[in-house]
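A quick write-up on the structure given underneath.
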Amino acid sequence: MVETLHDKGVVVTGGGGGIGAALARRFAAEGARVVVNDLDGTKAKAVADEIGGIAVPGDASTIVPEAREALGGSVDVYCANAGLGSGGSEAAPEEVWAAAWDVNVMAHVRAAHALLPDWLERGSGRFVSTVSAAGLLTMIGAAPYSVTKHGAYAFAEWLSLTYRHRGIKVHAICPQGVRTDMLAATGTAGDLVLTPTAIEPDDVAAALFAGMAEDRFLVLPHPEVAAFYRARAETPDKWLKGMNHIQQKWEENER
């Protein structure tokens, strides 16, 4: 059973829409004081006003001090949700790779660096990383996204194994398709792989809260991802062959 969230200080990055907004609404409904962060200040304010929260717009990499101050000096739960769904291959421009790495991985690292001294001192804190099933598997047509989401998952995993005995709880949320603007931006690759089983952002929030109640690190809003992940580990060549068939189907559809 998850401890009460009443009056807890929660930060949600990328909270202006999609999964982030759903997380912000759910935490607020549980009685938490929520900081809504987004690069788009108008969207952040709209969600914050709706839930009685506090808008802190700006780069997710730098908002911990301002968010902590807005919450009266303490952050209890940090949802590293902001992300870039960068498509492309190895030939994607280096600035695309750099931006994906910065937002999808380094923003999490910087937040943890800012949060952990206080959390370790008091022996509690919860870090929620919105990763993606691409971080466990991959996504066709999106090398920067797939690679950096693997990095985000690896960092969340490292945080958990390093600090769990000191009271730090970590959750990695790894959904497949979710009906958000990011899904719409995936184009035909998303239509082929993600859209048929896409779920709502509220479903992701519900899966996180179930995972928190059971103190689970890995949160799978699409339970079938567990079988895919197992197949990837146990029979990697068979799994890669299957993924390559999907890649070929996508290429044929693109002609």
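If you want this note's numbering, it's the position in the sequence shown, counting the first as 1, plus 97. Ideal Cβ positions, reconstructed from N, Cα and C, are used throughout, including at glycine.
- Between residue 176 and the set 220, 141 and 107, the nearest pair of CA atoms involves 107.
- Annotated as proximal: residue 183 and residue 241, with beta-carbon spacing under 9 angstroms.
- The C-alpha of residue 268 is placed about 6 angstroms away from the C-alpha of residue 224.
- DSSP lists 185 as the beta-bridge partner residues of residue 239.
- The segment 179-197 makes contact with the segment 228-239: 3 or more CB pairs, one atom from each, lie closer than 8 angstroms.
- For residue 343, the enclosing alpha helix (DSSP H) starts and ends at 333-351.
- Restricted to the segment 242-327, the beta strand (DSSP E) segments that are unbroken, complete and at least 3 residues in length are 265-270, listed in chain order.
- Residue range 191-198 is occupied by the alpha helix (DSSP H) that includes residue 193.
- The residue from 270, 262, 179 and 264 with its alpha-carbon nearest to that of residue 251 is 270.
- Secondary structure of residue 106 (DSSP, three-state): strand.
- Assignment of beta-bridge partners to residue 227 by DSSP yields 270.
- When the Cα atoms are used, residue 350 and residue 162 turn out to be separated by approximately 48 angstroms.
- If you compare the alpha carbons of 336, 210 and 305 with that of residue 116, the shortest gap goes to 305.
- Apart from the 5 residues on each side of it in sequence, residue 205 sits with its Cβ closer than 7 angstroms to the Cβ of 177, 226, 249 and 252 in its chain, given in chain order.
- Residue 222 has 265 as its beta-bridge partners, per DSSP.
- The segment 294-310 and the segment 333-340 do not touch, with fewer than three beta-carbon pairs separated by less than 8 angstroms.
- Distance check between residue 230 and each of 327, 260 and 345 places 327 closest, using alpha-carbon atoms only.
- Around the beta carbon of residue 262, fewer than 16 other beta carbons sit within 10 angstroms, so the residue counts as exposed.
- By the Cβ neighbour-count rule, residue 216 is buried, with 16 or more other Cβ atoms within 10 Å of its own.
- Between residue 118 and residue 298, the CB-CB gap stays under 9 angstroms.
- Of all alpha-carbon atoms in 266, 174 and 105, the one lying nearest the alpha-carbon of residue 254 is that of 266.
- When secondary structure is reduced to three states using DSSP, residue 144 falls in the helix class.
- For the 9 angstroms CB-CB criterion, residue 136 and residue 104 do not form a contact.
- In the same chain as residue 152, and ignoring 5 residues on each side of it, the C-beta atoms closer than 6 angstroms to its own belong to 133, 141, 142 and 145, in chain order.
- Taking C-beta atoms under 8 angstroms as the contact rule, residue 301 and residue 343 fail to qualify, at a distance of about 23 angstroms.
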